[in-house]
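Visitor: Counting with my numbering, you get residues 6 to 165 for the letters of the sequence shown. In this text, a Cβ means the ideal position worked out from N, Cα and C, and glycines have one as well. First, the structure itself, so that you have it in front of you.
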Amino acid sequence: MKKDNLNKFENREIENFFGKMMDENRRCKENMNLLMDPQPLGCNSDGSITRVRFVGMDWEKNQRGQIHGGAIAAMFDTAMGISASAFTKKDVSTAELTVSFIRPFYGAGYIIDTEILSAGRTLIRARANAYDEDTGKLLASATGSFAYLYYAGSAADAHK
């Protein structure tokens, strides 16, 4: 797990945006992001690289006691999506998500490092790596494309 290029939110604007997004999620009665409880830990100075923590929850586990692949994909989707939104200051939706599973997710917590590769007129491209929080071992990697959402109002308003 790379720790050399991230500090505890070098970019306060990105930190504030993350906080605002999480507050909007909490106002909804129940949604996937709220259930997964992503915990933004930091970013580089321009906000293109972020670190998000997830705690493994019982409801995410399969019959073997490891985190279900769908829940892992949702962690990547959430981490890259909120990072893309924070970086561009716009609401986004997943257009494409590819996950490569390397090791089972058995630990108590997971760190996902994301990187915005490009932010064009219509799509944001990102990649991410997931690590076991305790061992630092690489568990999975992902790439994703996120499309800008164009509607009046905030993300919370769109769910009403």
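By Cβ distance below 7 Å, which residues in the same chain neighbour I72 in space, the five residues on each side in sequence not counted?
Guide: Contacts found: G61, E65, K66 and F110.
Visitor: By the three-class DSSP mapping on this structure, what secondary structure does F22 have?
Guide: Correct three-state label for F22: helix.
Visitor: Relative to the alpha-carbon of F106, which residue among A89, N134 and A124 has its alpha-carbon at the smallest distance?
Guide: The residue with the shortest Cα to Cα distance from F106 is N134.
Visitor: So, with DSSP's three-state summary, where would you put A163?
Guide: Because the pLDDT at A163 is just 47, under 50, the model does not fix this residue reliably, and the value given afterwards should be weighed accordingly. Note: A163 maps to helix in three-state DSSP.
Visitor: Could you check what DSSP says for N38 in three-state terms: helix, strand or coil?
Guide: Helix.
Visitor: Measuring only the C-alpha atoms, how far is L102 from D137?
Guide: In a straight line, the C-alpha of L102 is about 21 Å away from that of D137.
Visitor: Who pairs with S90 in a beta bridge, going by DSSP?
Guide: Answer is none; S90 lacks a bridge partner.
Visitor: With H, G and I counted as helix, E and B as strand and the rest as coil, what does DSSP make of I72?
Guide: The answer is strand: DSSP assigns I72 an E or B state.
Visitor: DSSP state of R126, grouped into three classes?
Guide: In the structure shown, R126 sits in coil (DSSP, three-state: anything other than H, G, I, E or B).
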